[in-house]
Structure formats: structure tokens, C-alpha cells
Amino acid sequence: MSEALNAAALDQLFRTARTQNKFLDRPVEDAQLHALYELVKLGPTAANTTPARFVFVKSPEAKAKLGPTLDEGNYKKTMAAPVTVIVAYDEDFHEKTPYLFPHVPDAKSWFDGPRENRHVPAFRNGSLQGAYLILAARALGLDTGPMSGFDNAKLDAAFFAGTAIKSNFLVNLGYGDPAGVFPRSPRLPFDEAARIE
Numbered sequence: 001m002s003e004a005l006n007a008a009a010l011d012q013l014f015r016t017a018r019t020q021n022k023f024l025d026r027p028v029e030d031a032q033l034h035a036l037y038e039l040v041k042l043g044p045t046a047a048n049t050t051p052a053r054f055v056f057v058k059s060p061e062a063k064a065k066l067g068p069t070l071d072e073g074n075y076k077k078t079m080a081a082p083v084t085v086i087v088a089y090d091e092d093f094h095e096k097t098p099y100l101f102p103h104v105p106d107a108k109s110w111f112d113g114p115r116e117n118r119h120v121p122a123f124r125n126g127s128l129q130g131a132y133l134i135l136a137a138r139a140l141g142l143d144t145g146p147m148s149g150f151d152n153a154k155l156d157a158a159f160f161a162g163t164a165i166k167s168n169f170l171v172n173l174g175y176g177d178p179a180g181v182f183p184r185s186p187r188l189p190f191d192e193a194a195r196i197e
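Here the UniProt record's numbering is used: position 134 in the sequence shown is 134, and no number is missing along the way.
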């Protein structure tokens, strides 16, 4: 059985980790993005479907494609971030099921049929993987700024035209500037958000 993480690790992942709105002028190397994905891919998903697809928007050309899809309030901070991750999901994820879930040979058939019938499992499990990305980035010493605030249809046309891939949310990634952090907002207490039965 694993042991609980120490206080410093819990702080880094949750207690002192914050959503970043401003990043230092410090690059994120491609090797770090590969290391990040190597952790993210290990997170559990239903039937190991792993429908998330990630685009690490880093180059000036890719940022130029992303820019017009952003809401005005997110434009400057996103263009200034070293990397913006498009967290997306593939509605044809089931095509990879024979490879990803080989111990159940007919698992692909669970998801066959019209694409719209795969939307819920693709979105649900892709969202899980997006959350793993945030935690894995923090574990690797990177800061994140997850957000909505963009035009999904425009972004999908710019990055995923002609595919079954749909955008979910964005995560700005890099080394956070403490000057851009807002005071922590309240969280609901246990009795308002959870119960034990």
C-alpha cells in the first residue's frame, strides 16, 4: 500500500498551488512537455479509453491560430504564457480500444454506432485527463492557468478541422508570476458539498 504524501507534496499539488494569470518570461522546454504527457497518460479512464488529445501551443504560428479564438479577457495572458495546452477529446476514441484495452477483445463494440453516442464518455474521460494534466504539471514544478473563455467552434476549425476531435478547455502553462495571483476564493465546507452514507 502506498503511503500518504508529505505536507510539502500536498502543498505543491493542492494547498498552496494556485491558478496562474501571469507567467514569468521563462521557457518550457519540449522535453518537459514530453515528461508531462508521460505522467498524464497513466491516469485512469473508463476501459483505458484515454480519449484526451493535447495540443501544446508554443510556436508563434500556433499562437497566431489560437489568438482569434480567445475571449478578450483571456487574450493577453494566453498570448504571454510560454505554452497553452488545448485539452480536447476524440469522439472516435474507440478506434484505439483494441490496443488500449486488449484483454477484452470486443471492447470496441461497446462504443460502436453514431458518433454522438460517444460524446459523453469522450468528454467525461477527456476531462479527467485534463485534470491529471494540471496535477502532473504541478508535480513537475510547472504552474497552470486552466480556463474556458474561448470559442470552441473557431478553435476546432483552426486546430481539428476534418477530425472527430473537439476542444474542451485550455490550460496556460509555465512558471507563474506571484504578482498575477488573485486572493484564494472560498471553497464549500464538507457539509455543503459532501456527505457520508
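By construction, the Cβ of each residue, glycine as well, lies at the ideal position given by its N, Cα and C atoms. In this text, all values refer to a predicted model and were calculated from it rather than measured experimentally.
Hey, could you find the ends of the beta strand (DSSP E) residue i is sitting in?
i    : result
G173 : Residue 173 is actually Leu in this sequence, not Gly. Residues I165 to G174.
R124 : Run containing R124: none in the beta strand (DSSP E); it sits in the alpha helix (DSSP H), H119 to A139.
Would a C-beta distance cut-off of 7 Å place residue i and residue j closer than the cut-off?
i    : j    : result
F93  : P51  : yes
A137 : L36  : yes
A164 : E91  : yes
L13  : L133 : no
S167 : I86  : yes
N6   : T78  : no
G149 : N48  : no
R18  : V181 : yes
V28  : P105 : no
S33  : F56  : Note that residue 33 is Leu in the sequence shown, not Ser. It is a contact, given that the beta carbons lie within the stated cut-off.
Answer yes or no: does any C-beta atom of chain B fall closer than 7 Å to that of residue i?
i    : result
F169 : As a matter of chain content, chain B is missing from the structure shown, which is built from one protein chain.
Check each candidate in the options and name the one with the smallest Cα separation from residue i.
i    : options                : result
P121 : T84, A88, D30 and I196 : A88
N21  : V85, Y99 and A179      : A179
D151 : E72, P105 and F182     : E72
S127 : P98, A80 and V40       : V40
A84  : E95, T97 and L70       : The amino acid occupying residue 84 in the given sequence is Thr; Ala does not appear at that position. For T84, the nearest C-alpha among the options comes from L70.
R184 : D156, A9, R15 and A8   : R15
A80  : F54, S59 and F190      : S59
F54  : D156, R115 and H103    : D156
Please state whether DSSP places residue i in a helix, a strand or coil.
i    : result
F56  : strand
P146 : strand
T84  : strand
D191 : helix
D11  : helix
T19  : strand
L66  : helix
D90  : strand
E197 : coil
E116 : helix
Can you give the beta carbon distance from residue i to residue j, rounded, assuming they're within the 8 Å contact cut?
i    : j    : result
K65  : F159 : 7 Å
G174 : F23  : 4 Å
N117 : T45  : At roughly 17 Å, the Cβ-Cβ gap does not stay under 8 Å, so N117 and T45 are not in contact.
D143 : G176 : 3 Å
Kindly indicate the opening and closing residues of the alpha helix (DSSP H) around residue i.
i    : result
T32  : For the sequence presented, residue 32 should be read as Gln rather than Thr. It spans D30 to V40 - the alpha helix (DSSP H) in which Q32 sits, taken as one unbroken run.
T45  : Looking at the DSSP string, T45 is not in any alpha helix (DSSP H), and its letter there is neither H nor E.
K108 : Per DSSP, K108 belongs to no alpha helix (DSSP H) and is neither H nor E.
P98  : T97 to L100
L155 : N152 to F159
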